[in-house]
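Residue numbers (our numbering): 3 to 332.
Read through the structure below, which is laid out as structure tokens, and then see the notes.
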Amino acid sequence: MSSYPSNLTCWAIGDGAAGNHRQVLALADALQLVPRVIDLRLRQPWDALAPHLQLAARSGMQDRSGQPIAPPWPDIAIGCGRRAALLTRCLRGWSAGRCFSVQILDPRIAPRHFDVVVAPSHDRLVGGNVIETVGALNPIDDDWLERGRQHFPALSVLPAPRTAILIGASNASVPLDEDWFEALFERLGRQHAQTGGSYLVSTSRRTPAARRAQLRQQFTRWPGMFWAGPDDGENPYAGILGWADRIIVSPDSVNMVSEACATGKPVHAFTVAALRGKLAAFHEALCAAGHLLPPHADTAATHAPLRELPDVAARIRAIWNAKDPDCRRT
Numbered sequence: 003m004s005s006y007p008s009n010l011t012c013w014a015i016g017d018g019a020a021g022n023h024r025q026v027l028a029l030a031d032a033l034q035l036v037p038r039v040i041d042l043r044l045r046q047p048w049d050a051l052a053p054h055l056q057l058a059a060r061s062g063m064q065d066r067s068g069q070p071i072a073p074p075w076p077d078i079a080i081g082c083g084r085r086a087a088l089l090t091r092c093l094r095g096w097s098a099g100r101c102f103s104v105q106i107l108d109p110r111i112a113p114r115h116f117d118v119v120v121a122p123s124h125d126r127l128v129g130g131n132v133i134e135t136v137g138a139l140n141p142i143d144d145d146w147l148e149r150g151r152q153h154f155p156a157l158s159v160l161p162a163p164r165t166a167i168l169i170g171a172s173n174a175s176v177p178l179d180e181d182w183f184e185a186l187f188e189r190l191g192r193q194h195a196q197t198g199g200s201y202l203v204s205t206s207r208r209t210p211a212a213r214r215a216q217l218r219q220q221f222t223r224w225p226g227m228f229w230a231g232p233d234d235g236e237n238p239y240a241g242i243l244g245w246a247d248r249i250i251v252s253p254d255s256v257n258m259v260s261e262a263c264a265t266g267k268p269v270h271a272f273t274v275a276a277l278r279g280k281l282a283a284f285h286e287a288l289c290a291a292g293h294l295l296p297p298h299a300d301t302a303a304t305h306a307p308l309r310e311l312p313d314v315a316a317r318i319r320a321i322w323n324a325k326d327p328d329c330r331r332t
């Protein structure tokens, strides 16, 4: 970050959720910071009450790596998720305001407890320090996709058109149940009969093991590749997105859908029933902006990629530069 002193320290704070971890590292990299990565673990009652309960909070915190949560405090802390918000909030207080605290996603408390809150519009946060996005932060850009292609050249020999299939898991907003998978395979069968090609399949670590085994067997009917975890070798996710001509993604994960839309390739979020609540608002916003194709749309359609990270980083720099120098350790 050219406007920062060269010796700034940064903590990137996650809570064990892969999507949260990915967002904090993407933002730290965009800010040109090399962070200490903290995989935060909280004991009760702090875990249940985060980020509200600050009393004696240090006694209820630990880094999964075994390092203590102790001073010297960082110059900048970036957290993502409700549990991480407890530490980013506390760091601002413990450092007497010298730690610049950035919280990603709705922290479940007022944004004024942080220097910056970065949250998608479907979280409906309001505040002068809120930076609103459409989707989740991620590192995907043209260079990232090119590195993925170079690192996984074997995917290029699979028959075109190559369709990436990204599968997550059920959550409170949408069930990925038997009906969903039956409809997906019926759709993929029709598509392959019409256009041929291959399927590049990646499941999430949230996808149940039994489901992954079923999917592995079902996808043997078509050309392609299937990755469900380390037993299948190195994760080819970057190569899948790099070599795909089009993408079909399950609708459950804001991170996964955002990353698919960041490629600039035709993206369908496969649904069999109407989405509800915040997830529905997220999908509607992507469709309205042209990043996500509606059902049965032309898969040759193109759109501008959803790449919000550079703008978010620039706005955080501006807020940092406007901060009272007496409240910063430089």
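Here a beta-carbon is modelled for each residue, glycine too, at the ideal position from N, C-alpha and C.
Under three-state DSSP, which class holds residue 134? Assigned with DSSP and collapsed to three states, residue 134 falls in strand.
Where residue 96 sits in the DSSP three-state scheme: In this structure, residue 96 counts as helix in the three-state DSSP scheme.
Straight-line Cα distance separating residue 266 from residue 310: So the alpha carbons of these two residues sit roughly 13 Å apart.
Taking all protein chains shown into account, do 16 or more other C-beta atoms lie within 10 angstroms of the C-beta of residue 222, making it buried, or fewer, making it exposed? So residue 222 ends up on the exposed side.
For residue 208, name the three-state secondary structure that DSSP assigns. Residue 208: coil per DSSP, three-state reduction.
For residue 253, I'd like the list of residues in its chain whose CB is within less than 8 Å of its CB, leaving aside the five on either flank, ordered along the chain. Within the same chain, and ignoring the five residues on either side of residue 253 in sequence, the residues whose Cβ sits closer than 8 Å to its Cβ are 176, 259, 271, 272, 273, 277, 281, 285.
Three-state secondary structure assigned by DSSP to residue 334: Beyond the ends of the chain as shown, which are 3 and 332, falls residue 334; an answer cannot be given.
Suppose you measure from the CA of residue 66 to the CA of residue 239; what does that come to, to the nearest Å? Distance between the alpha carbons of residue 66 and residue 239 is about 26 Å.
Output needed for residue 30: all residues of its chain with C-beta closer than 7 Å, excluding positions within five of it in sequence on either side, in chain order. Setting aside the 5 residues that flank it on each side, residue 30 is surrounded in the same chain by 12, 14, 37, 80, each with a C-beta closer than 7 Å to its C-beta; the list follows chain order.
Between the region 191-206 and the region 165-180, are three or more C-beta pairs nearer than 8 Å? Because the criterion of three Cβ pairs below 8 Å is met, the region 191-206 and the region 165-180 touch.
Give me the Cα-Cα distance between residue 140 and residue 287, rounded to the nearest whole angstrom. Each residue's alpha carbon lies about 18 Å from the other.
Would you please state the rounded distance, in angstroms, between the beta carbons of residue 109 and residue 116? I believe it to be under 8 Å. Confirmed, Cβ separation roughly 7 Å.
Whole-angstrom Cβ separation of residue 35 and residue 78, contact assumed at under 8 Å? With 8 Å as the limit, residue 35 and residue 78 qualify as a contact, their Cβ atoms being about 7 Å apart.
Please tell me whether residue 256 and residue 156 are closer than 8 Å, where the distance is taken between their beta carbons. In this structure, residue 256 lies away from residue 156, with their beta-carbon atoms at least 8 Å apart.
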